[in-house]
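Mapped onto this note's numbering, the consecutive letters of the sequence shown carry residue numbers 300 to 663.
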Amino acid sequence: MSLRERLSSLRQTLRDVAAPPSPVPSSVPAPAESQVVLRSVEHVERLPPEVLTTTSNVAYDWDYSAKRAELRTLYEKSKDLIWNARTDLDWSTNVDPESEIVADSFNPLFGTDVWRKLDRKTELPKLRRHMTSYILSNFLHGEQGALLATSQIVASAPTTDAKMYASAQVFDEARHVEAYDRYLTSKVELIYPPSKHLKQLLDTVLTDSRWDFKFLGMQILVEGVALGAFGLIHQTAQEPLIKRITHMIMQDEARHVAFGVMSLKGHYEGMDASELRDREEFIIESSRLLRDRFLAQEVWETVGLPQAECEAAAANSVMMKMFRKLLFSKIVPNVKRLGLLTPRVRRGFEELEVIEYESWEASA
Ligand SMILES: [Fe+2]
Ligand SMILES: [Fe+2]
């Protein structure tokens with residue numbers, strides 16, 4: 300390609316990036332211009348930027364030869380399967396933010412008395428928009444956590460094999476942030492802050508200096524739950540754009556969980572008892588946080604529903620209990636595969652009522 304052609308192609312790309320969204324298909328009524336201009340993104344609570352202090356190591360590896368073929372294979376796969384959030388998704392899709400974008404069955408109130416009493420014309424559409432935003436906003440913030448944690452792995456991982464794969468994951472996570480942010484901003488027009496349970500877990504993963512805590516917390520736990528949640532959303536979502544976004548992201552997440560399992564394999568064999576205990580406690584505590592992050596307490600207050608009644612209804616909802624348990628279907632087998640299903644962790648999983656997944660097929 301000549302320099303002139305390259306410049307022309309670059310100019311076209313820049314025009315594409317700057318171009319206004321494509322018109323909606325003629326079968327869907329386009330909103331009036333004034334409506335589009337007037338509706339701007341709402342933030343339930345806009346958090347200020349935040350800086351965490353960490354003490355992670357930065358490791359050089361002067362030997363660039365491949366020593367772990369499976370990590371290089373995963374790296375090659377990542378390069379082959381790169382997609383573009385801007386061009387591979389149909390952003391012209393018209394989305395009604397108050398429709399059932401995410402299946403009602405994901406709402407902790409679904410099937411409860413509180414749900415039955417909701418006004419179908421006013422309260423239900425509003426609750427649907429807030430619940431969609433709550434779920435997707437927490438996915439978005441989790442993606443930022445993954446972006447940051449994986450960039451730390453690039454710096455601290457001791458081998459070139461791990462650094463190169465982790466760098467491919469960093470780029471995956473950037474596209475995930477881009478896709479969820481664009482969907483929330485341009486379609487739902489409402490963003491929630493991270494749930495306190497998710498934020499606490501991300502803070503721990505990002506500030507602990509031990510490299511294996513990053514993999515355990517992010518690739519095995521957070522991404523394990525994300526894979527379970529994305530799978531459920533993908534199967535049940537009614538809205539085609541979010542279904543497609545979830546599908547694209549899920550393909551990447553499966554590689555990320557595989558990276559965690561490959562990196563930690565054998566690491567815990569013969570580990571000193573007190574060191575192992577730290578990991579056991581981390582797994583149990585993090586699993587509790589991940590289970591509780593789906594309770595959606597923040598939503599009830601924001602939409603004006605009775606807080607105590609909603610919390611009680613959500614805690615006892617059969618659907619929610621089933622949903623939370625299913626989310627652990629990837630985590631429990633992988634923890635077992637890593638040799639971490641010790642008697643203490645087993646008791647923790649029994650208390651969480653998720654031990655039944657130990658015999659399920661592990662990811663990766
Ligand atoms: Fe991701
Ligand atoms: Fe990921």
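Note that the Cβ used here is the ideal one computed from N, Cα and C, for glycine as well.
Distance between beta carbons of residue j and residue i, contact taken as under 8 Å
i	j	result
Ser455	Val357	6 Å
Val556	Gln518	6 Å
Phe627	Phe405	Phe627 to Phe405, Cβ: 16 Å. No contact.
Leu682	Leu388	In the structure displayed, the chain extends from 300 to 663; residue 682 sits before or after that span and is not available.
Glu442	Tyr479	6 Å
Thr431	Val401	5 Å
Cys609	Val413	6 Å
Leu515	Arg576	Not confirmed; about 14 Å, so no contact.
Ser355	Gln451	6 Å
Ala467	Lys378	7 Å
Gly523	Asn633	6 Å
Glu652	Lys629	That belief does not hold up - the Cβ atoms of Glu652 and Lys629 are roughly 16 Å apart, past 8 Å.
Residue i in three-state terms, based on DSSP
i	result
Ile490	strand
His555	helix
Glu344	coil
Tyr482	helix
Asn656	Here residue 656 is Tyr; the residue named in the question, Asn, does not match the sequence. In the structure shown, Tyr656 sits in a helix (DSSP, three-state: H, G or I).
Ala536	coil
Leu447	helix
Tyr359	coil
Asn437	helix
Tyr464	helix
Gly410	coil
Arg419	coil
Tyr567	coil
Trp510	helix
Glu472	helix
Arg385	coil
Pro396	coil
Ser391	coil
Pro642	helix
Lys425	helix
Lys495	helix
Lys366	coil
Leu351	coil
Ala525	helix
Val401	coil
Ala456	coil
Of the listed residues the options, nearest to residue i (C-alpha basis)
i	options	result
Ala612	Trp390, Arg643, Thr411, Glu341	Thr411
Ile544	Trp390, Leu380, Phe622, Asp379	Trp390
Leu520	Gln550, Gly530, Leu501, Ser450	Leu501
Ile532	Gly523, Val524, Lys542	Lys542
Asn393	Lys486, His566, Ile582, Lys564	Lys486
Lys425	Arg636, Trp659, Glu600, Phe648	Glu600
Val602	Ser585, Leu489, Asp577	Leu489
Lys564	Lys635, Val524, Gln537, Leu505	Lys635
Val617	Phe581, Leu651, Arg474, Leu408	Leu408
Ala365	Tyr464, Phe581, Glu660	Tyr464
Ala473	Pro493, Ser494, Ala448, Thr459	Ala448
Ile582	Ala461, Arg554, Met547, Val644	Val644
Trp382	Thr506, Ile434, His475, Asp418	His475
Trp659	Met570, Glu649, Val631	Val631
Gln596	Arg587, Tyr656, Thr641, His496	His496
Phe438	Ser586, Glu552, Ile654	Glu552
Arg592	Arg367, Glu369, Ala614	Ala614
Glu649	Pro347, Ser586, Ser398	Ser586
Pro396	Pro457, Ser339, Gly638, Arg646	Ser339
heavy atom of ligand 3 below 6 Å from residue i C-beta
i	result
His440	For ligand 3, the structure offers nothing, since it holds only ligand 1 and ligand 2.
Item to check | Sequence-ordered residues whose beta carbon comes within less than 5 Å of a heavy atom of ligand 1 | outcome: Going along the chain, the residues that qualify are Glu442, Ala445, Glu472, His475.
Next on the checklist: Which runs of the alpha helix (DSSP H) at least 4 residues long sit entirely within the segment 580 to 634? Give them in chain order.
Outcome noted: Runs found: 596 to 602, 606 to 615, 617 to 626.
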